Every structure is written in structure tokens, then in C-alpha cells.
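A short worksheet on the structure shown next.
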Amino acid sequence: MKALEFRNVSFSYGKDAFAIRNLNFSVEEGEFVAVLGHNGSGKSTLARLSDGLLEADGGEIFALGMPVEQKNLYEVRKNVGIVFQNPDNQAVASIVEDDVAFGAENVGLPREEIGKRIDFALKAVGMETHRHATISRLSGGQKQRVAIAGVLALKPKVMILDESTAMLDPRGRREITDVVLRLNKEEHITVVLITHFLEEALLADRAVVMNKGEIVMEGTPADIFSRHEELLTYNLALPRIGQICKGLREGGIPVGDTLDVEKLAEEIAQCVSSRSI
Ligand SMILES: Nc1ncnc2c1ncn2[C@@H]1O[C@H](COP(=O)(O)OP(=O)(O)O)[C@@H](O)[C@H]1O
Ligand SMILES: [Mg+2]
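This is the structure we're talking about:
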């Protein structure tokens with residue numbers, strides 16, 4: 002079954018241009034898809050349409066086969082969880098376990114079940130030792146992991162992370178991407194990772210690039226990465242190491258595209274040694 006499906010979806014916030022234009026997009030259950038795109042390309046709108054926070058002007062949206070419309074919103078939101086960008090305004094309680102429990106309490110789960118869900122969710126994000134901690138004292142990465150745990154406590158089948166690493170330092174970003182990868186591989190949660198960090202997209206099974214409300218590129222992350230010029234036209238800069246690979250090739254050292262520093266060093270070493278013989 003498809004976890005998410007957009008059929009010819011359009012949306013505009015008012016009289017302005019379309020934020021999403023005739024979009025066709027789908028995600029299979031269990032898949033990990035990265036959504037890339039410059040600011041204003043429509044990524045957050047896509048996320049908000051997916052769980053009915055916004056209603057499409059045209060086209061159809063399905064979440065796990067259910068039409069995303071008023072009468073299904075409760076079911077849809079139980080199954081599709083969104084983690085947003087800012088770690089500082091997602092918490093609703095001051096203590097970690099209360100915050101994680103909030104969503105599960107709202108859907109009326111029995112107390113004992115909520116306890117189990119908190120255990121599961123905190124363990125899944127590696128925050129079980131911070132159960133009684135005060136959220137305001139945590140690092141950005143820890144706060145985002147608590148936000149993820151709050152969504153996980155609802156046992157969603159699909160998680161959408163809308164630039165959830167954007168405000169974090171590299172270490173915090175790594176904490177989140179590690180958790181997300183584990184949730185996808187071990188808990189089989191379908192993941193849509195919205196990001197403007199191209200290197201994060203490499204973790205995904207598939208990547209799409211959005212521009213002006215449309216999907217303009219689609220493929221494996223490696224494929225997307227190799228299309229430098231095209232990425233630039235959509236205002237997406239290659240990560241530094243990608244630029245270095247490109248520079249080396251232009252300078253006559255035929256290395257491939259990689260984000261793995263050791264692999265790149267190995268390739269350079271091979272090129273250089275084969276020349277000196
Ligand atoms: N609340 C809003 N009101 C009016 N226009 C909006 C609103 N949110 C986003 N937009 C516009 O919709 C387009 C897509 O925005 P968004 O989905 O937030 O893009 P992204 O998440 O890729 O940065 C942009 O042109 C943006 O200015
Ligand atoms: Mg956004």
C-alpha cells in the first residue's frame with residue numbers, strides 16, 4: 002500500500018501564486034524519501050497537506066489509502082506524525098515524560114498503555130535516561146528527539162520531519178538523522194525527511210527536489226547528487242565535498258561523486274599512484 006499519495010494536487014494560500022501546483026507524489030509504505038528544495042519551494046505546504054492541516058484546492062490526497070479529508074482527520078493524524086523545525090516551540094509540557102505523553106493522552110489511551118508508549122518512544126530516540134528532565138535544559142538535538150518521541154508515542158505509520166534538523170548544530174543533526182534511520186529500518190516507519198542539507202538526503206532510498214510547488218527532479222540520492230548543474234538552477238548548492246569531487250574532475254583527476262571522505266581519499270590515492278608508475 003502507498004503510505005502517501007498526492008494526485009494532481011494544487012494549493013494556494015490566497016490570491017498568490019500556487020504554493021503547490023498539480024503535484025503528483027507518492028511514498029510507499031516502509032520507504033524513506035527525502036524532499037529537497039530551496040526556501041519557498043512548497044515543502045512545508047506538502048507536509049501540512051499530508052495530514053490535513055491544510056486542505057487542497059484541487060486534486061486528491063490519500064494517507065494509507067484513506068482520503069485526507071475532514072471525516073478522516075482523526076485517523077489520518079494518528080497515522081501520520083509531523084515533527085517541525087523549531088525545537089523550542091514544539092514542547093507542550095516542561096518535563097520530558099509529560100511532553101511525550103501529551104499526544105497519547107489526547108487520543109484517550111488508557112494510562113497503562115500510555116506508560117508503555119512513553120517507555121517505547123523514549124528508548125527509540127535514546128532519551129530514556131532523561132525521562133524526568135526539564136525540557137528547557139536540554140540541547141537542541143535532545144529537544145528534537147523529545148519532539149520525535151511525542152509523535153512516536155502515537156505509533157504513527159508515517160513520520161514527516163519538516164526541516165527538523167535545520168536549527169541544530171552538526172552533532173544535533175546527526176542525533177536526529179541516526180534516530181530517523183533507525184525508526185525506518187527497525188520500526189519500519191515510513192519516513193519523509195524534508196531538508197535542505199543534501200548530505201542528509203543520502204540516507205534516503207529516494208529523493209525528490211521541489212521548485213516552485215512542483216517536483217522537478219526525482220531519483221536515488223546518488224543520481225540527484227550527480228546532476229550538479231541542474232541542482233544549481235534550483236538554488237541547491239552541493240555540499241563542500243561534492244564541490245571538491247567536481248573540482249578534482251575538472252583538474253583531471255577522475256574521481257566519482259561521494260560524500261565519504263575516506264572513499265574520496267582512496268580514489269585520489271589510486272589515481273595518483275597509477276600515474277606515477
Ligand atoms: N502562511 C502562509 N501564507 C501565505 N503564503 C505562504 C504561507 N506559507 C507559505 N507561503 C508561501 O507558499 C510558498 C511555499 O511555502 P512553503 O511550503 O513554506 O515552502 P518551503 O517549506 O519549501 O520553504 C512560498 O511562496 C511561501 O511564501
Ligand atoms: Mg518549510
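Residue numbers (this note's numbering): 2 to 278. Cβ coordinates follow ideal geometry from the N, Cα and C atoms, glycine included. Keep in mind the model is a prediction, meaning the values are calculated, not measured.
For residue j and residue i, the rounded distance between their alpha carbons
i: Asp-206; j: Phe-26; result: 15 Å
i: Gln-91; j: Leu-204; result: 25 Å
i: Asp-120; j: Glu-106; result: 14 Å
i: Asp-52; j: Glu-268; result: 45 Å
i: Ser-42; j: Phe-103; result: 32 Å
i: Arg-280; j: Arg-276; result: Residue 280 is absent from the structure shown; the chain starts at 2 and stops at 278.
i: Leu-153; j: Leu-24; result: 28 Å
i: Lys-1; j: Arg-228; result: Missing from the structure shown is residue 1; the chain here goes from 2 to 278 and no further.
i: Gly-253; j: Leu-155; result: 53 Å
i: Ile-177; j: Arg-8; result: 30 Å
i: Val-28; j: Lys-158; result: 12 Å
i: Ala-238; j: Ile-115; result: 44 Å
i: Gly-127; j: Phe-198; result: 23 Å
i: Ser-140; j: Ile-149; result: 14 Å
i: Thr-55; j: Lys-117; result: Note that residue 55 is Leu in the sequence shown here, rather than Thr. Cα to Cα, the separation comes out at about 32 Å.
Residue burial classification, residue i (beta-carbon count within 10 angstroms, cutoff 16)
i: Thr-130; result: exposed
i: Pro-222; result: buried
i: Lys-72; result: exposed
i: Asp-163; result: buried
i: Arg-49; result: buried
i: Leu-233; result: exposed
i: Asn-236; result: exposed
i: Thr-135; result: exposed
i: Ala-122; result: buried
i: Gln-145; result: buried
i: Arg-241; result: exposed
i: Arg-78; result: buried
i: Arg-174; result: buried
CB of residue i within 7 Å of CB of residue j, strictly
i: Ala-4; j: Ala-208; result: no
i: Ser-95; j: Gly-60; result: no
i: Gly-151; j: Val-193; result: no
i: Glu-6; j: Phe-63; result: yes
i: Ile-83; j: Thr-46; result: no
i: Glu-200; j: Leu-265; result: no
i: Glu-30; j: Met-2; result: yes
i: Thr-166; j: Glu-32; result: no
i: Val-210; j: Gly-38; result: yes
Supposed close pair residue i, residue j - CB separation, criterion 8 Å
i: Asn-87; j: Leu-65; result: With a Cβ gap of about 28 Å, Asn-87 and Leu-65 do not count as contacting.
i: Arg-132; j: Glu-188; result: Contact doesn't hold; Cβ gap of about 20 Å is too wide.
Element boundaries [beta strand (DSSP E), containing residue i]
i: Ile-195; result: 191-195
i: Ile-83; result: 81-84
Run of the alpha helix (DSSP H) containing residue i, from where it starts to where it stops
i: Ser-11; result: Careful: Ser-11 lies outside any alpha helix (DSSP H), inside the beta strand (DSSP E) at 3-12.
i: Ala-148; result: 141-153
i: Ala-102; result: 97-107
i: Asn-25; result: Not the alpha helix (DSSP H): Asn-25 falls in the beta strand (DSSP E), residues 21-29.
i: Ala-202; result: 199-202
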